[in-house]
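In order, the protein sequence lines correspond to chains P and C. So the first sequence is numbered by the numbering used here: it starts at 1 and just counts up by one. So the second sequence is numbered by the numbering used here: it starts at 575 and just counts up by one. Virtual Cβ for every residue (Gly too), placed ideally from N, Cα, C. To keep things clear, I will list the structure first and then write my remarks on it.
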Amino acid sequence: MENKDIYILGVSAFYHDSAAALIKNGQIVSAVQEERFSRVKNDCSFPIEAIKWILSDSHLGLSDIDHVVFYEKPFVKFERILATCIHFAPKGFGLFKKQVPTWLKEKIFQRKTIQNHFQDNFPESGWNKKLFFSEHHLSHCAAAFYPSPFEDAAILTIDGVGERVTTTVSIGRKGKIERLAELNFPHSFGLLYSAVTAFLGFKVNSGEYKVMGLAPYGSPIYSEKIKETLVDIRSDGSFRLRMKNFRFATEMRMFGSEFEKIFCTSAREPESNIEQIHMDIAASVQQVSDELFLMLVSYVKKLTKQSSLCLGGGVALNCASTGKVLESKIFDKVWVQPSAGDAGSALGAALAYYHIGLGRPRAVLKNYMPFLGPEFTLDQILADLDSCKAGYQVLSPDQVVQRAAQALADGKVLAWMQGRAEFSPRALGHRSILADPRVKDLKKTLNLKIKFRESFRPFAPAVLEEDASNWFDLPSPSPLMNFICKTRPEVRDVVPSVVHVDGTARVQTVSEEFNPDFYKLILKFKSLTNCPVLVNTSLNVRGEPMVLTPADAYRCFMNTRIDCLVIGNVYLEK
Amino acid sequence: MVDKKEENDDLSFLRKKSIAMCCGFSVLSGISYFNNGFAWPIFTAAAVIIIMLGIFYPSKLSNFFYYIQKLHKKIGVVAFFVVFVFVITPMSWVLRALRLDDMTSNPSESPITYWETENIKDPNDIDFTKQF
């Protein structure tokens, strides 16, 4: 009997960060966020361009896809919205009049909507219409566990809210996931963090990492107050929010006027000056986050008795807290899904269906790297650059590395685009802006003249894996840039541009095996400067998603003060 | 090319709306005729005018439908307010009185943990075909 390949397409959409992912017989083939194509940051629309690329990349038609899996269950989500309205009535008309009509008109018919998208865009496809629905936190669990290098592991997922669940503790054993405990809406640490993010004038669902970056500038003087007035945390890490101070369950905003009394200041207007009090608030919520993570992880350890931990859900992208988890050594090994938010759930939904829905066994991945997006051939690169009327040089691979490393050593800022795009909010050396970390005022230049973003934002170092321990206090390699750790005191003055104000850094360790092009570049840079570290930040400007195509990269290059651009073997200089 | 397609889509949308409104006025006309025989000529005339404009000059209806849509939104808010006050709120009181509301909104002094371990749906039993 013929063994037919099983193709599963995972889809996440209609909330934020929509994405699509393809697996073949349980092996991850490709995954990409819609925002990279649409150029709309955190795009929530149906990921049709992502799906089109995924199918064409694998030379498949929609008829070849055996199962399409959506990342959450819409009816359960609608039920939660109704239950919330009922629970908080007579408060909550604001939420009711905004949410319920939208759901009744569009969202409740998501099966039909998704089918229509497929039929409209692939009219001749002969799609089998097999559409399945995973559960939101199961998708997070699956995205965190199945690509991890562990046979068995504890799984902790924390996010804003899925359908109803906000936090889960599970065990992954071989192909199965068993949930042991959960916390439900409205008690969500993700929503608490988002409420503070909104209070500090940043955008919910995308500005949280700015709060994390702002935190080291402040003192956590409000952390006790947060624990007294906003969240009640028990010794086992379980918690409940004090809902009278929040508004997300009754209105279309996150916090109430009580926040102003708690923090003795008014909410910061977006784009206004950041003052010390805002830094103190950020530091305080970050400290509560760190404490909560440690309590949660201790509880997970006690409950599961596992030695390895997988972290998923949007809150797991808080690498300051995950760094504390790694440092605590409560678990021997910690793995964080690099696309831990809802985008990664597209992958999780597909994997959950394959292993749980179809009951297929799991082969442990030793080293998952999220290079799952589009890449471009030399011909495509040249065609794109020609259409932009760009001047360029095509070099050999060795020459490219030599020229790029020399430019970096000369203090130039380099845009580096190689291979497949990252399926992750972090640039890992495939769509990166790179620079010499020894340059003192580089942080300011990069933030204000190249990224056009707030001056407090830190930059991450990419370091050769074999040199990492000499420069950073990192207990294990961190190829996915998931943990913040201390920089060794003796090198803080050597690489000031990648050391945050509190002496920490979000390190990416680069190995020849898993990131060869980037490794060669850093190695060459080291041979020129004796420094195995580069500044690595995503190749985009503020408010835009990371670049995807050579044309995107060229536009970014021309519209900023980036000095050189490398795309594959093509070298451009201003 | 795209503009042309969008224009055609808009016209088709306006035509569909005019047919729907014509049907509405016709029904009103019928009701009025059988009820008291008073206003039906007005509704019939409105139905005829709307359908004629819809067929021959649909673009002239765009402003009309814009204001109708605005009115519709306002009526919608009132309707949702009525539902919220007369259905949702009493339901909330009843559920609270019968202690059937399982959502919690505030911390409690009594439990030593807030973890929920009962009634957890085992992911291995999730029916992927269902949306609930």
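query                                                                                                                                                                                                           : result
For residue 637 of chain C and residue 625 of chain C, I'd like the C-alpha separation in whole angstroms.                                                                                                      : 16 angstroms
Is the CB-CB distance between residue 231 of chain P and residue 282 of chain P below 7 angstroms?                                                                                                              : no
Going by alpha carbons, who is nearest to residue 393 of chain P out of P:313, P:570, P:191 and P:40?                                                                                                           : P:570
Look at residue 343 of chain P and residue 374 of chain P and say whether their C-beta atoms are less than 7 angstroms apart.                                                                                   : no
Just checking my contact of residue 216 of chain P with residue 504 of chain P at CB under 8 angstroms: how many whole Å lie between their CB atoms?                                                            : 7 angstroms
Could you spell out the range, first to last residue, of the alpha helix (DSSP H) harbouring residue 67 of chain P?                                                                                             : Not the alpha helix (DSSP H): residue 67 of chain P falls in the beta strand (DSSP E), residues 67 to 70.
State buried or exposed for residue 274 of chain P, treating a residue as buried only when at least 16 other CB atoms are found within 10 Å of its CB.                                                          : buried
List the residues of chain C that residue 184 of chain P touches, going by C-beta distances under 7 angstroms, in chain order.                                                                                  : 690
Can you list, in chain order, the residues of its chain with a C-beta nearer than 6 angstroms to that of residue 355 of chain P? Leave out the 5 residues immediately preceding and following it.               : 175 and 362
Report the partner residues of residue 416 of chain P according to the DSSP bridge assignment.                                                                                                                  : P:432 and P:566
Output yes if chain P places a C-beta closer than 7 angstroms to the C-beta of residue 660 of chain C; else output no.                                                                                          : no
Check each candidate in P:193, P:368, P:244 and P:97 and name the one with the smallest Cα separation from residue 338 of chain P.                                                                              : P:368
Give every residue of the same chain whose Cβ lies closer than 6 angstroms to the Cβ of residue 498 of chain P, excluding the five residues on either side of it in the sequence, and list them in chain order. : 437, 459, 461, 505 and 535
Using a 10 Å radius around the Cβ and a threshold of 16 neighbouring Cβ atoms, would you call residue 235 of chain P buried or exposed?                                                                         : exposed
Have a look at P:164, P:453, P:443 and P:451 and flag the residue whose alpha-carbon is nearest the alpha-carbon of residue 495 of chain P.                                                                     : P:443
For residue 680 of chain C, which residues in chain P fall below 9 angstroms Cβ to Cβ?                                                                                                                          : 232, 240, 241, 242, 243 and 244
May I ask you to report which of helix, strand or coil DSSP gives residue 86 of chain P?                                                                                                                        : helix
In this structure, what does DSSP give as the bridge partners for residue 138 of chain P?                                                                                                                       : Paired residue(s): none; residue 138 of chain P is not in a bridge.
Hey, is the segment 614 to 631 of chain C in contact with the segment 596 to 606 of chain C, meaning 3+ C-beta pairs nearer than 8 angstroms?                                                                   : yes
Can you name, in chain order, every residue of its own chain whose Cβ lies under 7 angstroms from the Cβ of residue 8 of chain P, other than the five neighbours on each side?                                  : 23, 66, 67, 69, 350, 353 and 354
Name the chain C residues whose beta carbon is nearer than 9 angstroms to that of residue 353 of chain P?                                                                                                       : 702
On the CB-based measure, 16 or more other CB atoms within 10 Å of its CB, does residue 391 of chain P come out buried or exposed?                                                                               : exposed
To the nearest angstrom, how far is it from the Cα of residue 511 of chain P to the Cα of residue 136 of chain P?                                                                                               : 33 angstroms
In chain P, which residues lie with their C-beta within 8 angstroms of the C-beta of residue 698 of chain C?                                                                                                    : 176, 177, 178 and 356
Are residue 183 of chain P and residue 166 of chain P close, meaning C-beta to C-beta below 7 angstroms?                                                                                                        : yes
May I ask you to list, following chain order, the residues of the segment 626 to 646 of chain C that have a beta carbon less than 9 angstroms from some beta carbon of chain P?                                 : none
Expressed to the nearest angstrom, what Euclidean distance is found between the alpha-carbon atoms of residue 612 of chain C and residue 632 of chain C?                                                        : 30 angstroms
Give the single residue among P:470, P:95, P:82 and P:561 whose Cα lies nearest to the Cα of residue 594 of chain P.                                                                                            : Since the first and last residues shown for chain P are 1 and 574, residue 594 of chain P lies out of range.
Could you name the residues of the segment 327 to 354 of chain P whose beta carbon sits closer than 8 angstroms to any beta carbon of chain C, in the order they occur along the chain?                         : 352 and 353
Might you give, ordered along the chain, the residues of its own chain that have their beta carbon closer than 7 angstroms to the beta carbon of residue 397 of chain P, omitting 5 neighbours on each side?    : 569
Does DSSP put residue 522 of chain P in a helix, in a strand, or in coil?                                                                                                                                       : helix
When burial is assigned at 16 or more other CB atoms within 10 Å of the CB, is residue 489 of chain P buried or exposed?                                                                                        : exposed
For residue 273 of chain P, does the three-state DSSP call read helix, strand or coil?                                                                                                                          : coil
Which residues mark the beginning and the end of the alpha helix (DSSP H) in which residue 554 of chain P is found?                                                                                             : 550 to 559
Can you look up residue 719 of chain C in the DSSP assignment and give me helix, strand or coil?                                                                                                                : This structure gives no information on residue 719 of chain C, because the portion of chain C shown stretches from 575 to 706.
State yes or no: is the beta carbon of residue 76 of chain P nearer than 7 angstroms to at least one beta carbon in chain C?                                                                                    : yes
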